[in-house]
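Protein chains in written order, with numbering that gives the first Met the number 0: chain X, 0 to 288; chain D, 0 to 259. Yeah, the Cβ is synthetic: ideal placement off N, Cα and C, and Gly gets one too. Given the structure is predicted, the values throughout are model-derived calculations rather than measurements.
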Amino acid sequence: MTMSKQSDDLTQPLEAGRTFFNTGMTILSGVFTLLGLIPLFLVLFYVLSQGFSSLNADIFTQLPAPSGTLGGGFGNAIQGTMIMVAIAASISVPIGVLTAIFLSEYSRDSGFVQYVRFGVNVLAGVPSIVIGVFAYGVVVTTSGGFSAYAGGFALAILMLPIIIRTTEEALKLIPWELRLGSFALGADRFNTIARVILPAALPGIITGIMLAVSRAAGETAPLIFTALFSQYWLEGLNKPTASLAVLIFNYATTPYADLQHKAWGASLMLLILVLIISIVARIVFRRRS
Amino acid sequence: MSSTTTTSNAYQVRNMNFFYGTRQALDGINIDIPAQSVTAIIGPSGCGKSTFLKSLNRIAEAETKVRIDGQISLFGQNIYDPKVNLTQLRRRVGMVFQRPNPFPMSIYDNVAYGPRVFGTKGNLDALVESSLTKAAIWNEVKDKLRTSAQGLSGGQQQRLCIARSLAVNPDVLLMDEPCSALDPIATLRIEELIENLRTQLTIIIVTHNMQQAGRVSQNTLFFNTDESRIGQLVESGLTKEIFFSPKDKRTEDYITGRFG
Ligand SMILES: Nc1ncnc2c1ncn2[C@@H]1O[C@H](COP(=O)(O)OP(=O)(O)OP(=O)(O)O)[C@@H](O)[C@H]1O
Ligand SMILES: [Mg+2]
């Protein structure tokens with residue numbers, strides 16, 4: 000074998016070609032990272048600059064007012080979104096986490112698990128408007144009308160595959176040796192999961208749930224078919240319910256500048272809401288572990 | 000209980016064959032392992048030492064699909080009897096792994112884990128202290144019991160894992176190359192600890208280190224692979240006999256380093 004002659008000098012730089020390539024690739028990846036960040040910052044900047052001026056105490060306390068009238072807010076939409084997301088989370092988190100535990104801990108690669116996993120992936124790809132139509136058929140038509148329940152149900156279906164997939168990934172990241180260590184002490188599977196695996200995977204699971212919550216909070220299509228909208232404060236979980244997403248949709252598509260302006264405010268409110276939920280969840284669960 | 004010359008056997012292994020799926024890993028193992036002493040398992044890489052160890056507490060089946068024929072009995076009870084409760088078996092047979100695997104929780108909680116799982120009544124603090132003391136790590140951790148076990152050094156983590164096993168008061172301790180990730184000083188501490196534990200329980204230790212096998216064990220098993228790369232037990236006996244007057248040529252070659 001012939002090796003090109005190597006210098007002993009440790010300070011000798013790489014050949015020009017390699018140095019050039021190296022630097023070029025570093026710059027290129029930096030540039031593309033920036034390109035990727037541009038849309039993110041543009042969205043944030045736009046929502047902030049357009050929506051900030053319409054934020055005031057009224058939006059929390061007042062009901063929507065018609066175009067042309069002064070004041071008015073969308074307190075009922077904030078309330079509705081929070082309630083429906085809470086309903087959705089209380090359905091999808093237990094089901095999703097338990098499903099993921101089954102997929103990852105009980106029978107990793109059996110045939111049945113492959114089908115379940117495939118089903119979850121398909122569900123993740125179902126357009127949200129289809130989920131809306133489905134919830135309409137299953138809940139709205141059978142329960143006698145639009146309701147917060149129906150909206151929560153639709154959002155739960157939307158959240159389910161996200162929670163299952165992220166939780167399964169979080170569980171798989173826990174080294175197999177920890178499970179063996181627990182089994183070797185005589186612990187059964189339940190104790191191993193409840194005392195070792197779940198606590199270790201908790202940060203990843205919380206991140207997944209937050210992802211699902213943010214996704215659900217911003218969905219419009221499933222809610223139009225299920226919760227519709229309401230001009231009033233929530234009168235009951237079985238009544239049509241307002242939501243930020245539908246309010247934004249309604250206002251942004253009107254020809255009235257003042258309502259469009261409120262739509263920006265509602266968009267900003269939605270972002271803030273999701274941000275607050277994520278931060279609170281992180282603080283609470285970091286304390287505990 | 001006499002400490003060195005005991006006649007009872009912890010394990011009796013009869014015609015044991017071990018299969019990973021359809022691939023055979025161990026063939027026709029027959030051996031008695033004496034109680035209250037240290038048995039070393041030596042042999043080249045891939046000869047099935049870990050596999051043998053993992054068949055003794057039935058942890059192999061928690062890892063992958065395996066099949067085991069023949070019979071293995073622990074103090075007279077067949078551990079592959081379908082009626083055996085794995086939880087009971089594994090509580091009586093502790094295991095320390097090659098890589099330290101403390102749970103991501105505090106030092107205290109690691110040791111208290113087993114007793115908590117079994118709902119052990121009594122003074123947990125005292126149990127944690129005595130287990131850590133037996134594992135020769137109490138002095139190093141007594142002021143930071145509530146801190147994460149993952150902040151310990153590798154050698155400390157390994158001794159913590161030993162303490163964790165001792166906390167459920169096992170009869171047998173299986174150790175799979177417990178020192179391979181440790182420096183000489185940590186290794187020495189673990190060897191001392193094995194020496195001290197010997198009178199209380201049965202220890203079976205896999206090691207690649209001949210000197211270590213010589214220092215800590217009374218009996219030695221030499222495993223090797225046959226032509227079809229299936230593991231077998233070539234020779235067993237008192238450690239000094241295996242080391243100084245091996246009967247089998249392969250054992251002699253392995254011990255003197257003229258192998259392969
Ligand atoms: N989980 C597994 N699935 C399939 N085959 C395995 C598995 N674990 C081990 N084997 C095979 O069984 C044989 C024995 O492996 P084992 O780990 O028992 O060897 P060992 O003597 O402990 O080796 P080492 O000294 O390198 O640790 C090897 O051929 C190995 O490839
Ligand atoms: Mg091994």
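Could you tell me whether any Cβ in chain X is nearer than 8 Å to the Cβ of D/Phe117? yes
Can you pull the chain D neighbours of X/Val195, defined as C-beta to C-beta under 9 Å? Phe102, Pro103, Met104, Tyr112
Report the neighbours of D/Arg98 on chain X: residues whose CB is nearer than 8 Å to its CB, in chain order. Glu176
Cβ atoms of X/Ile163 and X/Ala99: under 8 Å apart, would you say? yes
Between the segment 122 to 132 of chain X and the segment 57 to 69 of chain X, can you find at least three pairs of beta-carbon atoms closer than 8 Å? no
Can you tell me whether X/Met268 is buried or exposed? The criterion is at least 16 other CB atoms within 10 Å of its CB, across all chains shown. buried
Quick one: using the 10 Å Cβ neighbour count with 16 as the cut-off for buried, is D/Gln157 buried or exposed? buried
Would you mind sorting X/Ala153 into buried or exposed? The rule is 16 or more other CB atoms within 10 Å of its CB. buried
Under the rule that 16 or more other beta-carbon atoms within 10 Å means buried, what is X/Gly283, buried or exposed? Here the sequence assigns Val to residue 283 of chain X, which means Gly is not the residue at that position. Label assigned to X/Val283: exposed.
Which two residues bound the contiguous beta strand (DSSP E) that contains D/Ser72? 65 to 73
What are the residues in the segment 49 to 66 of chain D lying within 8 Å of chain X by C-beta distance? Asn56, Ile58, Ala61, Glu62
Does the segment 204 to 221 of chain X come into contact with the segment 130 to 144 of chain D, if we say contact requires no fewer than three beta-carbon pairs (one atom in each stretch) closer than 8 Å? no
Apart from the five residues on each side of it in sequence, which residues of its chain come closer than 7 Å, Cβ to Cβ, to X/Ala216? Thr80, Val84, Leu269, Leu272, Val273
Straight-line Cα distance separating X/Thr206 from D/Pro33: Distance from the CA atom of D/Pro33 to the CA atom of X/Thr206, rounded to whole angstroms, is 52 Å.
When you compare the CB of D/Val83 with every CB in chain X, is at least one pair closer than 8 Å? no
If contacts are defined as beta-carbon pairs under 8 Å, then D/Ile40 and D/Lys48 qualify, I think. What distance do you get, rounded to the angstrom? 5 Å
Through-space distance from X/Val96 to X/Ile90, alpha-carbon basis: X/Ile90 and X/Val96: Cα-Cα distance of roughly 11 Å.
D/Ser1 versus D/Gly75: straight-line alpha-carbon distance, rounded: Residue confidence is low: D/Ser1 scores 37 on pLDDT, short of 50, so the model does not pin down where it sits. Its coordinate-derived value is still stated next. Between D/Ser1 and D/Gly75, the C-alpha separation is close to 19 Å.
Checking 8 Å against the spacing of the C-beta atoms, do D/Ala59 and D/Gly113 come in under that value? Annotated as distal: D/Ala59 and D/Gly113, with beta-carbon spacing of 8 Å or more.
What three-state label does DSSP hand D/Asp175 in the structure shown? DSSP places D/Asp175 in strand when its eight states are reduced to three.
Would you mind working out which of D/Thr146, D/Thr38, D/Phe222 sits nearest D/Ile202, comparing C-alpha positions? Comparing Cα positions, the closest option is D/Thr38.
Nearer than 7 Å: is that true of the beta carbon of D/Glu176 relative to any heavy atom of ligand 2? yes
Beta-bridge pairing of D/Trp235 - partner residues as DSSP gives them: The amino acid at residue 235 of chain D is misidentified as Trp; the sequence shows Ser. Bridge partners of D/Ser235: D/Leu220.
Compare the beta carbon distance of D/Asn56 and X/Ala183 with 8 Å and say whether it is the shorter of the two. yes
Quick check: is the beta carbon of X/Leu258 nearer than 8 Å to any beta carbon in chain D? no
Can you check which of these residues, D/Ile161, D/Tyr107, D/Asp26, D/Arg13, is closest to D/Leu200 by C-alpha distance? D/Ile161
Please indicate yes or no: does the CB of D/Val263 lie closer than 7 Å to some heavy atom of ligand 2? The requested residue 263 of chain D is not part of the displayed model; chain D covers only 0 to 259.
Would you kindly report the start and end of the unbroken beta strand (DSSP E) that includes D/Phe17? 8 to 19
Can you give me the C-alpha to C-alpha distance between D/Tyr67 and D/Met15, rounded to a whole angstrom? At residue 67 of chain D the sequence reads Ile, which differs from the Tyr that was named. When rounded, the distance between both Cα atoms is 7 Å.
X/Glu104 classed as buried or exposed, judged by whether at least 16 other C-beta atoms fall within 10 angstroms: X/Glu104 comes out buried.
For X/Pro63, is the classification buried or exposed, using 16 other Cβ atoms within 10 angstroms of its Cβ as the cut-off for buried? buried
Nearest residue (CA-CA) to D/Asp26, options D/Asp225, D/Thr186, D/Arg91, D/Gln87: D/Asp225
Could you give the distance in angstroms between the alpha-carbon of X/Gly143 and the alpha-carbon of X/Thr225? 11 Å
Say whether the segment 180 to 189 of chain D touches the segment 101 to 108 of chain D, bearing in mind that this needs 3 or more beta-carbon pairs closer than 8 Å, one atom from each stretch. no
Look at X/Tyr250 and X/Ala262 and say whether their C-beta atoms are less than 8 Å apart. The answer is yes: Cβ separation under 8 Å.
Cβ-heavy atom distance between D/Tyr19 and ligand 1 below 7 Å? yes
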